[in-house]
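Everything on this sheet refers to the single structure shown next.
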Amino acid sequence: FVQRCFTHNDNTQNDSNVIPYPFTIYPSSFPRNEYEKACKIQYGIHILVQYLAYDIDLMDSILKNLIECDPFIRRLRNIYNQIQQLPYKSIAETCIIRTDYMLQQMNIFRERTKLRLVEINTIAVGLGAAAKLIHKWHKRFLKRIHPELLSQLPKNESYDLIIDTLFKSWKIYNNSKAIILFIVPEHEFNIGDQILIEKGLLSYGNSSLLIKHVTFIDICQYCSLDSKGILCFNDFEVALIYYRSAYDPKHFYNEDIWQAYIMLESSRAIKCPSLRYHLAGMKCFQLALAEKNFLEKIFQKHEQYIDDVRDILEEMFTIDQTINDSILQQRILDKPESFYLKQSREGGGNVYCGSSLREHIDKIIANKESNRYFLMSRIYPPINSSLIRSSRPNDKNEFIFEKQINGELGIFGSLISQNGIVIYERVGGSLLRSKPIINIEGGIASGQGFIDSVLLV
1 FVQRCFTHND NTQNDSNVIP YPFTIYPSSF PRNEYEKACK IQYGIHILVQ YLAYDIDLMD
61 SILKNLIECD PFIRRLRNIY NQIQQLPYKS IAETCIIRTD YMLQQMNIFR ERTKLRLVEI
121 NTIAVGLGAA AKLIHKWHKR FLKRIHPELL SQLPKNESYD LIIDTLFKSW KIYNNSKAII
181 LFIVPEHEFN IGDQILIEKG LLSYGNSSLL IKHVTFIDIC QYCSLDSKGI LCFNDFEVAL
241 IYYRSAYDPK HFYNEDIWQA YIMLESSRAI KCPSLRYHLA GMKCFQLALA EKNFLEKIFQ
301 KHEQYIDDVR DILEEMFTID QTINDSILQQ RILDKPESFY LKQSREGGGN VYCGSSLREH
361 IDKIIANKES NRYFLMSRIY PPINSSLIRS SRPNDKNEFI FEKQINGELG IFGSLISQNG
421 IVIYERVGGS LLRSKPIINI EGGIASGQGF IDSVLLV
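Okay, so the sequence shown: first residue is 1 according to my numbering, each after it adds one.
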């Protein structure tokens, strides 16, 4: 239950320098009906992701404006075209999904809340293993302190879902001697989560299974691809590529890295996620969800999800609307703290809110980058008082202290498809990431967020 530290001066890592993940001592309350709703909707999210991933015309119609102004997305889209021209295809395509929500406090006096979609993550979905561990800790804590509350702690299968999905993908490749590659950043802090996943895969009892944690630099040096699409790492054939990297332009800092990525994507090895699933996770698709008849098209065979998905959408606006809508302009000027400014692609970060919002919008417009960002009405979740174990001491040099926090709920799911047909699907497990109420974002790595779990009320 640890993460790696880096020195502040040169960003170098020391394998012996690790700190525990920050976490809450006890679970945080969460409305049972909203939790169950999020679990139910996850099957609808799978339908949405699958539809977007395999309807390239629809995907292009939404990505078009982003491609024009974002060279990273444009390069990914061009690589997708390049892959489609190959005489062979990947044996299967895998996607582990985490859909993140927050509760919108509708009435401060009646404590009424409503589930709100934050984002759908389709690449490098992390902390599933850590979520299972904190669930075990919270279960142990309640058993000793409040055993009457144990029934309110839902089962957490996030770790099992990830392990099972990756192992099934490896089995589908049908070569017991082929290995799994974990593609990780060069300066990876989240080692604990990845090592737990590796241990879980090895625990399935297959003594021949070999897993390598590698960077794109390693791919450049040790990987080769033959004319039939067989990918090898040194002398080992590769069955499965599990990305814990490749979602941020910073990961592709030179052409050699891009060529290594193209080699991986051009192989017959199963990718988690494949490039089409990666593209389907771009945040700009959230704007499309609110468009007229969009959900009706996606869920034409599953109409029960139309109202469910529409009901979780928060108000969103394009940057062009901030230019042309005088009422919206005034709202932003009057209450800039009531909006988030978010980037349209996957990758995290770059969320702005408050007094600097108008300045950032003006800069975006001046740089002709309007399609790279969108506005979302701010979500005000209920506040919990919790005891947290931080990875860094507070001003009093304490590692355990009380904090006012709110949380973001992630629901896990996974898909494996062949030729566009889903052959495996699973929903199970959750991750609650809590943060101090004064923070807009709560990064686990920075120590500003805490791994948590839900206590259903």
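Glycine included, each C-beta is placed from N, C-alpha and C at the ideal position. All values derive from a computational prediction rather than experimental measurement.
Close Cβ partners of residue i (< 7 Å) along its chain, the five nearest in sequence each way excluded
i, result
"Gly192", "Phe1, Val2, Gln3, Tyr21 and Ala130"
"Thr7", "Unreliable placement is indicated for Thr7, whose pLDDT of 46 sits below 50; the coordinate value is still reported in the next sentence. So no residue of the chain qualifies."
"Tyr88", "Lys228, Gly229 and Arg268"
"Phe399", "Arg389, Ser390 and Pro393"
"Ile361", "Ile319, Thr322 and Leu341"
"Cys39", "Ile411 and Val427"
"Ser344", "Leu66, Met282, Lys283, Cys284, Asn371, Arg372, Tyr373 and Phe374"
"Ala124", "Tyr243, Arg244, Ser245 and Tyr247"
Neighbour-count burial assignment, residue i, 16 or more Cβ in a 10 Å radius
i, result
"Met106", "exposed"
"Val49", "buried"
"Ser417", "buried"
"Lys271", "buried"
"Leu66", "buried"
"Asn17", "exposed"
"Gly281", "buried"
"Glu148", "exposed"
"Asp70", "buried"
"Asn371", "buried"
"Glu119", "buried"
"His138", "buried"
"Phe401", "exposed"
"Ser245", "buried"
"Gln300", "exposed"
"Ser61", "exposed"
Residue(s) in a DSSP beta bridge with residue i
i, result
"Lys271", "Glu93 and Ile241"
"Pro436", "Ile405"
"Lys342", "Phe374"
"Gly428", "In the DSSP output, where bridge partners are listed per residue, Gly428 has none listed."
"Ile183", "Val214 and Tyr243"
"Thr113", "Gln105"
"Thr99", "Ile120 and Ile411"
"Asn384", "Ile405"
"Asp452", "Leu432"
"Arg389", "Phe23 and Ile400"
"Ile162", "Answer by DSSP bridge pairing: none, since Ile162 is not bridged."
"Val422", "Ser417"
"Tyr352", "Leu341"
Spatial distance of residue i from residue j (CA atoms)
i, j, result
"Asn254", "Phe374", "29 Å"
"Arg433", "Gly442", "8 Å"
"Arg358", "Ile383", "27 Å"
"Thr122", "Ala239", "20 Å"
"Lys363", "Ile319", "11 Å"
"Leu448", "Ser176", "In the sequence on display, residue 448 carries Gln and not Leu. Those two C-alpha atoms are separated by around 42 Å."
"Leu153", "Asn367", "49 Å"
"Asn324", "Val422", "42 Å"
"Ser208", "Leu415", "25 Å"
"Lys64", "Ser169", "32 Å"
"Arg509", "Leu231", "Outside the modelled stretch of the chain, which goes from 1 to 457, sits residue 509, for which no answer is possible."
"His467", "Leu196", "The structure shown does not extend to residue 467, since the chain is modelled only from 1 to 457, so the question has no answer here."
"Arg276", "Asn81", "10 Å"
"Lys283", "Ser385", "31 Å"
"Ser266", "Phe189", "28 Å"
"Phe141", "Tyr26", "7 Å"
"Leu333", "Asn174", "59 Å"
"Leu456", "Tyr35", "8 Å"
"Thr215", "Glu186", "6 Å"
"Glu425", "Arg331", "43 Å"
"Ser158", "His46", "16 Å"
"Leu289", "Leu295", "6 Å"
"Leu115", "Ile306", "15 Å"
"Arg310", "Glu369", "28 Å"
"Met59", "Leu52", "6 Å"
"Glu314", "Leu117", "7 Å"
"Lys212", "Asp160", "20 Å"
Nonlocal neighbours in the same chain, by C-beta distance under 8 Å from residue i, ignoring five residues either side
i, result
"Ser355", "Pro336 and Glu337"
"Lys435", "Ile405, Asn406, Gly407, Glu408, Glu441, Gly442, Gln448, Gly449 and Phe450"
"Cys353", "Pro336, Glu337, Phe339, Tyr340, Leu341, Arg378 and Ile440"
"Asn78", "none"
"Pro460", "Since the first residue shown for the chain is 1 and the last is 457, residue 460 is missing from the structure and cannot be characterised."
Sequence-distant residues of the same chain with beta carbon closer than 6 Å to residue i, five excluded per side
i, result
"Lys250", "none"
"Asn439", "Gln448"
"His135", "Asn156 and Ser453"
"Ala260", "Phe216, Ile219 and Cys220"
"Ile437", "Ile383, Gln404 and Asn406"
"Leu210", "Ile179"
Those runs of the alpha helix (DSSP H) which lie wholly inside the region 265-334 and span at least 4 residues: If you keep only unbroken alpha helix (DSSP H) runs of at least 4 residues inside the region 265-334, you get 275-279, 284-289, 294-298, 304-311, 319-324 and 326-334.
**Asked** Which runs of the beta strand (DSSP E) spanning at least 3 residues fall entirely within the region 192-260, listed in chain order?
**Response** If we require 3 residues or more, the beta strand (DSSP E) runs fully inside the region 192-260 come out as 211-214, 223-225, 231-233 and 236-243.
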